[in-house]
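Q: Okay, here's the structure, questions in a sec.
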Amino acid sequence: MPKVADFMTKEVITVTPDTPLRKLAELLSTHNINGVPVVDEQGAVLGVVCESDLVNQNKPLHIPTVFFILDSVIPVGNPWRLHKDFQRISATTVADIYSRPAVCVTPQTDLADAARLMADKKLYTLPVVEQGRLVGILGKGDVLRAFVQA
1 MPKVADFMTK
11 EVITVTPDTP
21 LRKLAELLST
31 HNINGVPVVD
41 EQGAVLGVVC
51 ESDLVNQNKP
61 LHIPTVFFIL
71 DSVIPVGNPW
81 RLHKDFQRIS
91 ATTVADIYSR
101 PAVCVTPQTD
111 LADAARLMAD
121 KKLYTLPVVE
131 QGRLVGILGK
141 GDVLRAFVQA
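For what it's worth, the UniProt record's numbering labels the leading residue of the sequence shown as 1, then goes sequentially.
Set out below in structure tokens:
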């Protein structure tokens, strides 16, 4: 039976609670990923922050700004308004929006169990930890890749 270790991504991009949302949006867009683990100074996983957390925050966001954050379309609209929205977003940090506590798996977790956990809890990103240390991440794309290879 395939294990999480067989399909997880080992090079993990992380953020800290004090990471500005603009930096988070840039990371997600640049690396074409849905979410990243949030870690403390010692590297312990605190939670996960995803694109949906950016969109669902309780701030009135200008729709073209949201599209830019998600890298879906070129922003259309008033550039001054877009600039002001980005200034407001930049003043907010990951600490305000990330999901906690972290739902994690180990490298030895059966991939089917991890996929079921993702489906049951509506998660797109699972940190993979071993002895309290982040060793990888399992995303919906990794699970899809496993399905295709089966």
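For every residue, glycine included, the Cβ atom is placed at its ideal position computed from N, Cα and C.
(1) Since Pro17 and Ala95 should fall inside the 8 Å C-beta cutoff, what is the C-beta to C-beta distance between them, to a whole number of angstroms?
(2) Counting beta carbon pairs with one atom in the segment 100–115 and one in the segment 34–52, are three or more of them shorter than 8 Å?
(3) Starting from Arg22, trace the alpha helix (DSSP H) both ways and give me its first and last residue.
(4) Between which two residues does the alpha helix (DSSP H) containing Arg116 stretch?
(5) Under the three-state reduction of DSSP, which class applies to Arg100: helix, strand or coil?
(6) Counting C-beta neighbours from all protein chains within 10 Å, is the total for Glu51 16 or more, i.e. buried, or is it exposed?
(7) Below 6 Å CB to CB, which residues in the same chain sit around Ala5 once its five sequence neighbours on both sides are set aside?
(8) Once you ignore the five residues that flank Val12 on each side, which residues in its own chain have a CB closer than 7 Å to its CB?
(9) DSSP puts Gly136 in a beta bridge; with which residues?
(10) Could you tell me the boundaries of the alpha helix (DSSP H) in which Val39 lies?
(11) Would you report the Cα separation of Asp113 and Pro20, rounded to the nearest angstrom?
(12) Is Val143 helix, strand or coil by DSSP?
(13) Would you list the residues sitting across from Val48 in a DSSP beta bridge?
(14) What's the C-alpha gap between Leu126 and Lys140?
(15) Spell out the partners DSSP gives Lys3 in its beta bridges.
A: Short version:
(1) 4 Å
(2) yes
(3) Going by DSSP, Arg22 is part of the alpha helix (DSSP H) stretching over Leu21 to Thr30.
(4) Leu111 to Lys121
(5) Arg100: coil per DSSP, three-state reduction.
(6) buried
(7) Pro107
(8) Pro37, Leu134, Gly136 and Ile137
(9) Answer is Val128, bridged to Gly136.
(10) No alpha helix (DSSP H) holds Val39; the beta strand (DSSP E) holding it covers Gly35 to Val39.
(11) 34 Å
(12) Note: Val143 maps to helix in three-state DSSP.
(13) Partner(s): Pro37 and Ser99.
(14) 9 Å
(15) Asp110
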